[in-house]
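Residue numbering for the sequence shown follows this note's numbering, starting at 41 and increasing by one per position.
Notes follow the structure.
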Amino acid sequence: MLTKVKYTEEELISLVRSGDQSAFAYLYDNYSKALFGVIYTIVGDAEESEDILQTVFLKIWNSFGSYDTDKGRLYTWMLNITRNAAIDYTRSKQNKINLKNLSSHNIVHDIDKQYHNAANYDHIGLKNILTELKSEHQTIIDMAYYKGYTQDEIAKQLQMPLGTVKTKVRQAIIILRDIINK
41 MLTKVKYTEE
51 ELISLVRSGD
61 QSAFAYLYDN
71 YSKALFGVIY
81 TIVGDAEESE
91 DILQTVFLKI
101 WNSFGSYDTD
111 KGRLYTWMLN
121 ITRNAAIDYT
131 RSKQNKINLK
141 NLSSHNIVHD
151 IDKQYHNAAN
161 YDHIGLKNIL
171 TELKSEHQTI
181 IDMAYYKGYT
191 QDEIAKQLQM
201 PLGTVKTKVR
211 QAIIILRDII
221 NK
């Protein structure tokens, strides 16, 4: 029986920076489900989400040298890469073509699959933590991080000034950081 290796975040960062493939495999094994959940929530298609996840991990591997521990935790850095990749995909020309070419049978099947599987991807428990926020902060965080809206799109959707949305996002993130660090 193999013993499972555990790394501290500092050890993991150091090993991945040095090009250690087993440490990167550990990184993938421990974070891929949570990142897949973020992608799937934004994209809504399991196959496309898997493809995007592979692209995300390639980008993480290739740009790991740019990760700065002083600017945030490793998971936060990877989460930003993931969110951006998923949002970029939803705005891409290929995605728009794919959506236009879906048959009605596939649409019904995909919607059913999406609602059936959507609750299974919150592996880090963030949705539970979000319940501790004010409802206005919950709405904005949900739109920004789960639905992939930009701050400008949130402002238009909620009929708020852009500056107010930016302030509320920042306030929510500060509150979440405090909750997580308890």
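Heads up, the beta-carbon is just placed ideally off N, CA and C, and yes, glycines get one too.
- By the criterion of a C-beta distance shorter than 8 Å, Arg-123 is surrounded in its chain by Val-78, Ile-82, Tyr-185, Gly-188, once the five residues flanking it on both sides are discounted.
- Around the Cβ of Lys-208, a 10 Å sphere holds 16 or more other Cβ atoms; the residue is buried.
- A direct Cα-to-Cα measurement between Thr-190 and Arg-113 gives close to 23 Å.
- Of all alpha-carbon atoms in Met-118, Val-205, Tyr-66, the one lying nearest the alpha-carbon of Glu-176 is that of Val-205.
- Glu-88: member of the alpha helix (DSSP H) spanning 86-102, first to last residue.
- Residue state for Met-118 is assigned as helix, using DSSP reduced to three classes.
- Non-local C-beta neighbours of Ile-194 in its own chain, meaning closer than 7 Å and more than five positions away in sequence, comprise Ile-180, Met-183, Ala-184, Val-205, ordered along the chain.
- About 7 Å separates the beta carbon of Leu-52 from that of Tyr-66, a gap short enough to meet the 8 Å contact definition.
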